[in-house]
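Quick notes on the structure that follows.
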Amino acid sequence: MSLKDKICVVTGAAGVLCSALVEALLEEGAKVALLGRTESKLIDLKNRLADKGYDQTLVVAADVLDPQSLKLAKESINKNWGPVYLLVNGAGGNHPKATAPAEQMGDDTAMEDSFFGLDADAYSQVFDLNFKGSFIPAQIFGEDMIEVGEGNIINISSMSASRPLTKVGAYSNAKAAVDSFTQWLSVHLAEKNIRVNAIAPGFFVSDQNRFLLYEQDGETLTARGQKIINNTPMHEFGEPEDLKGSMKFLAGPGSRFITGIVLPVDGGFSAFSGV
Ligand code: NAD
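Counting from 1018, one number per residue, gives the positions in the sequence shown under my numbering.
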């Protein structure tokens, strides 16, 4: 198997989508360090994976915005397994305080529900988590790749990077920075045999966006959720499993000559003009 025993790190590993990405790598025989802030969630994931027969995992609790904790995580991975080959920058997300309640500012929109009510600190927190939270791990784990002379970095972008979704300005702007960073770093590291690509998931239900897609009963679609389904040619939200193929492809040798791309996994959302 192409990724057999390759040493990988997935940040935000316990997340809804990222745990599927972890599983994709394990299915290919890789060793995967599960990195996230909350150790108990990572231990739960490790146990769930062990129940499925996957033992090549290591829990490393760290904050993607805290270089010191990432350096300790790297030391632990290096000591247990060796230098890191693949980094998946999965940690990311939105925050309700950085979300404008109004899609557009109309005559009846209260100032606080519009752009003018957005909290600049919450906005930059979302920016930091998505952008700096990819930049800093790439610097720290990328050092192993430079040392060994090969490596692979996969960032997790979003549909809202290329065409910003209403309400979630901070998230969209930060993911656009992730796309630009993916291209920039891919060029910068190409001669060092390190590839840098991104996966842009379309709409998958997770804890961050559930409040935007479903009413409080958890079943009825909000108007926004319905609009997304109407604009997704395959007319459904994605399942985390749907990301596995793109992860295996970008992580493996089949994509040897591919660097600097953002691969949409979106049921056709980005291809549809709406008409
Ligand atoms: P999730 O919220 O389920 O998981 C995110 C994980 O990141 C959590 O385990 C959280 O503890 C961890 N985390 C948060 N801040 C951290 C920090 N500072 N340091 C370390 N870990 C931290 O998210 P998910 O649905 O698995 O999403 C994974 C990625 O996919 C994110 O980058 C997200 O923006 C992106 N994405 C999600 C969707 C979707 O529909 N869910 C769509 C497009 C893109």
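Where a beta carbon is used, it is the ideal one built from N, C-alpha and C, also for glycine.
Using DSSP with H/G/I as helix, E/B as strand and the rest coil, what is residue i?
i       : result
GLY1168 : strand
VAL1076 : strand
VAL1101 : coil
VAL1282 : strand
LYS1096 : helix
LEU1066 : helix
PRO1181 : coil
HIS1112 : coil
Can you name the residues that DSSP bridges to residue i?
i       : result
THR1294 : What the structure shows of the chain is the stretch from 1018 to 1292, and residue 1294 is not part of that stretch, so it cannot be assessed.
LYS1048 : ILE1024
ARG1212 : ASN1169
GLY1255 : PHE1221
LEU1230 : Partner(s): none; LEU1230 has no beta bridge.
ASN1106 : ASN1172
LEU1238 : TYR1231
Sorted by chain position, which residues of the same chain lie with C-beta nearer than 6 Å to residue i's C-beta, five sequence neighbours on each side aside?
i       : result
PRO1250 : GLY1285, PHE1289
LEU1202 : VAL1213
LEU1267 : ILE1171, ASN1214
ALA1041 : LYS1261, MET1264, LYS1265
Short of 8 Å in beta carbon distance, which residues of its chain neighbour residue i, apart from the five on each side in sequence? Order them along the chain.
i       : result
LEU1082 : ASP1145, LEU1146, LYS1149, GLY1150, ILE1153
GLU1208 : none
THR1055 : ALA1031, ALA1078
GLU1253 : ILE1246, GLY1284
Please list, in chain order, all residues of the same chain as residue i whose beta carbon is under 7 Å from its beta carbon, the five residues on each side excluded.
i       : result
PRO1084 : ILE1153, ILE1157
ILE1278 : ASN1214
GLU1232 : THR1239
LYS1063 : LEU1051, THR1074, VAL1076
TYR1071 : LEU1043
Taking the Cβ atom as the reference point for each residue, do residue i and residue j lie within a distance shorter than 8 Å?
i       : j       : result
GLY1255 : ASN1210 : no
LYS1069 : GLY1046 : no
PRO1281 : ALA1217 : yes
VAL1049 : VAL1101 : no
THR1028 : GLY1107 : yes
MET1264 : LEU1038 : yes
LEU1104 : ILE1163 : no
VAL1143 : ALA1191 : yes
ASP1136 : ALA1119 : no
SER1019 : GLY1219 : no
GLN1179 : SER1036 : Here residue 1179 turns out to be Ser, not Gln, going by the sequence shown. Their beta carbons are not under 8 Å apart, which means SER1179 does not touch SER1036 by this criterion.
Is the region 1251-1263 close to the region 1185-1195, with three or more CB pairs under 8 Å? no
Contact the region 1226-1243 vs the region 1122-1129: 3+ CB pairs below 8 Å: no
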